[in-house]
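Participant: Chains as they are written, first to last, in my numbering: chain C, 1 to 306; chain R, 307 to 575; chain H, 576 to 1008. Right, I'll just put the structure down here and ask away after.
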Amino acid sequence: MKNSAEPSGSTLIKKSGLSLSQKQGLTGWAFLFLAAGLIVLMNFYPMVRGFMMSLQTGVGANMQFSGFVNYTRLFEDPRFRQTLINTFIYLLVQVPIMLILGLILATMLNSRNLKAKGFFRTAIFLPCAVGLVAYSLVFRQMFAFDGLVNTVLVNIGILETGHNWLGTPWSARLVIILGLLWRWTGFNMIFYLAGIQNVDTSIYEAARIDGANVFHQFWKITIPLLRPIILLTAIMSTNGTLQLFDESFNLTQGGPGVSSMTMSHYIFDTAFAGNPMLGYASAMSFAILLMVALLAFLQLKVGDRR
Amino acid sequence: MKVKLSRIFMYIFLSVAAFLSLFPLYWTAVSATNTTPDILAASMTPGSQLIANFTRLLELSSLGRAFWNSARNAVLLTALSVSICSLAGYAFEVYHSKAKDRLMSVLLLSMMIPFAAIMIPLFRLMANMGLVNTTLGFMLPTISTAFLIMLFRQSTRSFPREMIEAARIDGLNEMFIFIRIYIPTMKSTYAAATTITFMAAWNVFLWPRIIMMSPDSVTMPMLISNLMAGYVTEFGVVMLAVLIATLPTILLFLFLQRYFAEGIMGTVK
Amino acid sequence: MKKLLVLILVLALAFVVIACDNDNGNGDGEITGSVEDGGTITVWCWDPAFNIFAMDQAAIIYQAINPNFEIEIIETPWEQVDEQITTFATAGTLDLLPDIMLVQDQAFQLNVMNFPEVFLDLTDSGINFSEFGAAKTSLSTVNGRNYGVPFDNGVTIMGLRTDVIGQAGLTIDDFTSVTWNDFITLGQQVLEATGRPMLATTAGGADYVDFMIKSAGVSMFNADGSPNLDNNPTLREAIAIYVELVQTGVLVEVDGWDAFIGSFVNDVVAGTIAGCWILGSIQQNPDHEGLWAVTNVPRLNVAGGTNFSSWGGSSWAVTTNANAALAIDFLKHTFAGSVELYDILLPEAGALATWIPAAASTVYQEEHTFFGGQRVAADIINFSANIPTFYFGIFHYEGISALEVAITNILNGADIDAELQAAQEFIEFQMRG
């Protein structure tokens, strides 16, 4: 950029054929080329290949073109319906609880003269540092038939005999929800906390002088001001939940039966277990992609309007 | 009086939340020092089996190798990923244009692709590039993520533009500005990005399971999963493996947490 | 101009990718390589106490014949073996396959039919398949060609803790050759006296129903491969028994394989039913020395019901990527030709030979102290002679999966017939491909 001291862009054009802003624009492209290229190559390209696969049917290596048969099949598949329902149960129950809990915790951690603030924040965030496989194993052990939760509940006298947490459909789903809450609430809380700390404290000060109580402050100030961040975390959580795989795969193994299995887990099973059906698995993936995009769009619409 | 009550309620609420968050970790640590019967009897106190469990774990698995592989993979991937994505995030913001904004929106779509959907085509691609069983093959799909680019792009909004202008007038070249001025200023964003990327890289399970098949390249999550596959019934040993797999990410977070919060704050401004 | 630039970049990338992304499947299936030069044979198998142990022992025996031979065993859980066959075949990366891999019997034929390019035809390899039990070799035979060297045959056994049932005044003989109804009555006595369930199994699994119908020689599929679930009285009876076992508390459902193994190693239940490969796991707890006994399994009260069944079982496959001559020579001198090997495997790992010449060995008559002096091996051989023949069908995995859903729903109050109807429809749906 030796030329930057030159007075006008017009002389530059003559010298190098590019204006200063064009030159900077090119530098920008050069800087982001590698990152963008990798995403195209490692995400979009396989996705296109996957789409081509979704238009084929057959088992294993014997595949032939069949148009949209795999997509119409989705509507007739009771197991796809079951995993879709499971995934939406996780989405509709767990995501709102997690986000509200995260907001409440963040608000509390932001209150003035709270003692041991650092301790609480660290403690609540710490689960995010635990790997998915590791925490799935710990939760499995805790909720096992002869595991800790049953032993404690029986000893306290809440249960007479142990409950088979992972062996009963509703409680297997509940354990997944509890696991997700444990693992991810702190993560969302950190985002809210950061957002709240950016809010000018004088707004709260003024509200307090006007006699607004804690709940008023929460509803009338915190939530409206954090709306963009709430939207961001809602989209991220929706996205993550619709693609949920590890918890279903490791924590409950989809069971009992397929009563806690998620869509991604079913895709994995369809592609790899028994008679592998790659075309159908790819079609299901596109169905998820479509749902994620649609929900993100809806959330943006709703989030922007208010 | 009312204020006091709500204050007490707040402490109770936070304490319960902190307890529930920490308890599984505490229990894991305690169980790692206990025998199976003690664990089944819901023992909450540290036992004396730590050394015995550790010896048994070494006997049953290649712990040292798995730990080293995970560490090497995660450090390399984090370093590459943070450098490449921060450069891109910086570029998207500092040199922003309509076309770049549009490209960013397209890149964000990649976050919506379920990994299960692209696994086989991705594996095929790696195989044709001869990258199966290599660290590069493990890293390539996750070096660049839209999430990280977005994180840096958002944070760059709070980076003072005057510093760039001043540097340009001093005749510094653009790369130099990025390395010498931007990176040192954005320390906390880098801390947040490093923490998040390292955690993800350390814990990733599905992809290495497919791309890294040789027993020499086993990682910690795979080791735990193999223990879990069922031939080991000494729960204390399994819990010790979980503990060892969890410590590095926890330590990293504790170490970087002050900057971490600041870094996230820069993003959500 | 910038848009153009992006377009060019994307196109360039796409070009590079497509240029290096050409399929290169091969599978000529010719036996290549030489025995004398030796070399390293890589193997995928999964259980350190069982098949990995067996491979290690086989390698030691073969090294005495061929000192240039090395073995590299890659511990790979079965689900992962199955996944990797799919991944490598689909991605055209057969060069990543090992020389030998262990394949579960119920998945053998379907993998050969779906991915013929992966498996080496062993029919003319010189291995004498007539020395194996015909029922066993049929499981790894496709269109009259042999693709697998039989390993274990997974006779289903019932192991019981004599000390625990003793507390209810019962002995192992009370549990031998009984019906399931008898068993449930006895089990309730034990539960009352000791507080322990008799058995444990993984929740939501169909393992029990699977071996029960096999014990009557009944399959989920007709001979033409069509599903037979909705009009199958044996299957219906097996499910009803299973539900009763769970509801009486005689059988407890646990979470996952680790908990299943833990149930009898860690004194939660009074016994276990599984394939005879479980003998290795039973012996994990040294405190149990002398307390176990083995007998046959209860029978269904249906036409053709027997006290004998099979569970699991697997065979060695040689891949098209193998140093074939060496891999075959190795198998020929070990799993298909060494009495010495089976003499080690049976007592140490519970691997029951399906190789007929091994059965004559004296080791099979030895008393086993862990089982209170019982001649466990001889007894199991007797069981195996009585197992009814059985047909898996290509869609066995899907069948089991449908059963798992049905059983879960039935345990939670759904109607048996409606669920079996739904399972039948699910498999018909899957079979449309």
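No residue lacks a Cβ here, since even glycine has one placed at the ideal position from N, Cα and C.
(1) Just list the residues that DSSP pairs E647(H) with in beta bridges.
(2) For V678(H), report the span of its beta strand (DSSP E) as first-last.
(3) Return yes when the Cβ of I962(H) is within less than 8 Å of the Cβ of V730(H), no when it is not.
(4) Helix or strand or just coil, what does DSSP make of A781(H)?
(5) Use the C-beta contact count for S416(R): other C-beta atoms within 10 angstroms, 16 or more gives buried, fewer gives exposed.
(6) Flag this pair as touching only if the region 469 to 486 of chain R and the region 427 to 437 of chain R have three or more C-beta atom pairs under 8 Å; answer yes or no.
(7) What does N987(H) touch in chain C if you count any residue whose Cβ is under 8 Å from its own?
(8) Beta-carbon separation of S790(H) and L875(H) under 8 Å?
(9) Could you name the residues of chain C that A778(H) contacts, counting a contact when the two beta carbons are closer than 7 Å?
(10) Does the beta carbon of A452(R) come closer than 8 Å to any beta carbon on chain H?
(11) Is there a Cβ of chain C sitting closer than 8 Å to that of D699(H), yes or no?
(12) Which residue spans inside the region 462 to 511 of chain R form an unbroken alpha helix (DSSP H) run of at least 4?
(13) Q999(H) CB to nearest chain R CB: under 8 Å?
(14) Rounded to whole angstroms, how far is the Cβ of Y939(H) from the Cβ of I919(H), which I believe are closer than 8 Å?
(15) Under 7 Å between beta-carbons, which chain R residues line up against N239(C)? List them in chain order, please.
(16) Which residues mark the beginning and the end of the beta strand (DSSP E) in which T262(C) is found?
(17) Run down chain H in chain order and give the residues with a C-beta less than 7 Å from the C-beta of S259(C).
(18) With H, G and I counted as helix, E and B as strand and the rest as coil, what does DSSP make of L875(H)?
(19) Using the C-alpha atoms, what's the distance from P873(H) back to F750(H)?
(20) Return the CA-CA distance between P808(H) and T909(H), expressed in angstroms with no decimal places.
(21) Run through DSSP, which three-state label would D598(H) get?
(22) Whose Cβ in chain C lies nearer than 9 Å to the Cβ of S461(R)?
(23) On the DSSP letters alone, give me the boundaries of the alpha helix (DSSP H) that I426(R) sits inside.
(24) Give the secondary structure of A775(H) by DSSP, where H, G and I count as helix, E and B as strand, and everything else as coil.
(25) When DSSP labels each residue in this structure, what does G572(R) get in the three-state scheme?
(26) D77(C) touches chain H at which residues, Cβ-Cβ below 7 Å?
(27) Could you tell me whether the Cβ of N601(H) comes closer than 8 Å to any Cβ of chain C?
(28) Assuming L352(R) contacts T339(R) under a Cβ cut-off of 8 Å, what Cβ separation, rounded to an integer in Å, is found between them?
(29) Taking 8 Å as the threshold (beta carbon to beta carbon), is E650(H) in contact with chain R?
(30) What are the residues in the region 435 to 450 of chain R lying within 7 Å of chain H by C-beta distance?
(31) Can you check which of these residues, Q858(H), S884(H), S890(H) and A682(H), is closest to L697(H) by C-alpha distance?
(32) Going by Cα to Cα distance, which pick from I975(H), A981(H) and E979(H) is closest to A682(H)?
(33) For F559(R) and M53(C), I'd like the C-alpha separation in whole angstroms.
(34) Quick one: is M469(R) buried, meaning 16 or more other Cβ sit within 10 Å of its Cβ, or exposed?
(35) Does the Cβ of G846(H) have 16 or more other Cβ atoms within 10 Å, making it buried, or fewer, making it exposed?
(36) T28(C) touches chain R at which residues, Cβ-Cβ below 8 Å?
Facilitator: According to the data block:
(1) On the third sequence, residue 647(H) is found 72 positions in, with the first residue counted as 1. Partner(s): T617(H).
(2) Position 103 of the third sequence, counted from the start, is the residue given in the question as residue 678(H). That run of the beta strand (DSSP E) goes I675 to Q679.
(3) Reading the third sequence from its first residue, position 155 is the one you call residue 730(H). Reading the third sequence from its first residue, position 387 is the one you call residue 962(H). Yes, Cβ-Cβ distance for V730(H) and I962(H) is below 8 Å.
(4) On the third sequence, residue 781(H) is found 206 positions in, with the first residue counted as 1. In the three-state reduction of the DSSP assignment, A781(H) falls in the coil class.
(5) Along the second sequence, one-based indexing puts residue 416(R) at 110. S416(R) is buried by the Cβ-count criterion.
(6) no
(7) Here residue 987(H) refers to the residue found at position 412 when the third sequence is read from its first residue. Per Cβ cutoff of 8 Å: T168 and P169.
(8) Working through the third sequence from its first residue, we reach residue 790(H) at position 215. Working through the third sequence from its first residue, we reach residue 875(H) at position 300. The answer is yes: Cβ separation under 8 Å.
(9) Sequence index remark: in the third sequence, residue 778(H) carries index 203 (1-based). N164, L166, G167, G255 and P256, listed in chain order.
(10) As a position in the second sequence, residue 452(R) is number 146, starting the count at 1. Chain H has no Cβ within less than 8 Å of the Cβ of A452(R).
(11) Here residue 699(H) refers to the residue found at position 124 when the third sequence is read from its first residue. For D699(H), the answer is no, since every Cβ of chain C falls outside 8 Å of its Cβ.
(12) 467 to 475, 480 to 483 and 493 to 509
(13) Translated into positions along the third sequence, residue 999(H) becomes position 424. Chain R contact via Cβ: absent.
(14) In the third sequence, the residue the question calls residue 939(H) occupies position 364. In the third sequence, the residue the question calls residue 919(H) occupies position 344. Their Cβ separation, rounded to whole angstroms, is 12 Å, which puts Y939(H) and I919(H) out of contact at 8 Å.
(15) As a first step, residue 239(C) must be located in the first sequence, where it is residue number 239. What N239(C) touches in chain R: M417 and M418.
(16) On the first sequence, residue 262(C) is found 262 positions in, with the first residue counted as 1. First-last for T262(C): undefined, no H or E at that position.
(17) Counted from its first residue, the first sequence places residue 259(C) at position 259. In chain order: T983.
(18) Here residue 875(H) corresponds to residue number 300 of the third sequence, with the count starting at 1. Coil.
(19) Indexing the third sequence from 1 puts residue 750(H) at position 175. Indexing the third sequence from 1 puts residue 873(H) at position 298. Straight-line Cα distance between these residues: approximately 8 Å.
(20) Position 233 of the third sequence, counting from 1, holds the residue named residue 808(H). Position 334 of the third sequence, counting from 1, holds the residue named residue 909(H). Cα to Cα, P808(H) sits roughly 43 Å from T909(H).
(21) The residue given as residue 598(H) occupies position 23 in the third sequence. Because the pLDDT at D598(H) is just 41, under 50, the model does not fix this residue reliably, and the value given afterwards should be weighed accordingly. D598(H): coil per DSSP, three-state reduction.
(22) Here residue 461(R) refers to the residue found at position 155 when the second sequence is read from its first residue. Result: empty, since nearest Cβ-Cβ is about 11 Å, beyond 9 Å.
(23) If you number the second sequence from 1, residue 426(R) lands on position 120. It spans F421 to N434 - the alpha helix (DSSP H) in which I426(R) sits, taken as one unbroken run.
(24) For the purposes of this step, residue 775(H) is identified with residue 200 of the third sequence, where counting begins at 1. Strand, per DSSP.
(25) Looking up residue 572(R) in the second sequence gives position 266. Three-state result, G572(R): helix.
(26) Position 77 of the first sequence, counted from the first residue, corresponds to residue 77(C). Under the 7 Å cutoff, chain H gives F1004.
(27) The sequence position of residue 601(H) within the third sequence is 26, counting from 1. Caution is warranted here: a pLDDT of 39 is assigned to N601(H), below 50, making its placement in the model unreliable, and no coordinate value can be reported.
(28) For this step, residue 352(R) is matched to residue 46 along the second sequence. For this step, residue 339(R) is matched to residue 33 along the second sequence. Before going on, a small fix: residue 352(R) reads as Pro here, not Leu. Distance from P352(R) to T339(R) at the Cβ level is roughly 5 Å; contact confirmed, criterion being Cβ atoms closer than 8 Å.
(29) As a working note, residue 650(H) is residue 75 in the third sequence. By this cut-off, E650(H) is an interface position.
(30) Of all residues in the region 435 to 450 of chain R, the ones placed with a Cβ closer than 7 Å to any Cβ belonging to chain H are M435 and V438, in chain order.
(31) Position 122 of the third sequence, counted from the first residue, corresponds to residue 697(H). Comparing Cα-Cα distances from L697(H) to each of Q858(H), S884(H), S890(H) and A682(H), the minimum goes to S890(H).
(32) Locating residue 682(H) in the third sequence gives position 107, where the first residue counts as 1. Checked all of I975(H), A981(H) and E979(H); the closest Cα to A682(H) is I975(H).
(33) Here residue 559(R) corresponds to residue number 253 of the second sequence, with the count starting at 1. Here residue 53(C) corresponds to residue number 53 of the first sequence, with the count starting at 1. Answer to the nearest angstrom: the Cα atoms are 41 Å apart.
(34) For the purposes of this step, residue 469(R) is identified with residue 163 of the second sequence, where counting begins at 1. With fewer than 16 Cβ atoms within 10 Å of its Cβ, M469(R) is classed as exposed.
(35) Here residue 846(H) is taken as the residue at index 271 of the third sequence, counted from 1. When all chains shown are included, G846(H) counts as buried.
(36) Position 28 of the first sequence, counted from the start, is the residue given in the question as residue 28(C). First, the residue type needs correcting, since residue 28(C) is Gly and not Thr in the sequence shown. Near G28(C) (Cβ distances below 8 Å), the residues of chain R are A397, F398, V400, Y401, H402, S403 and K406.
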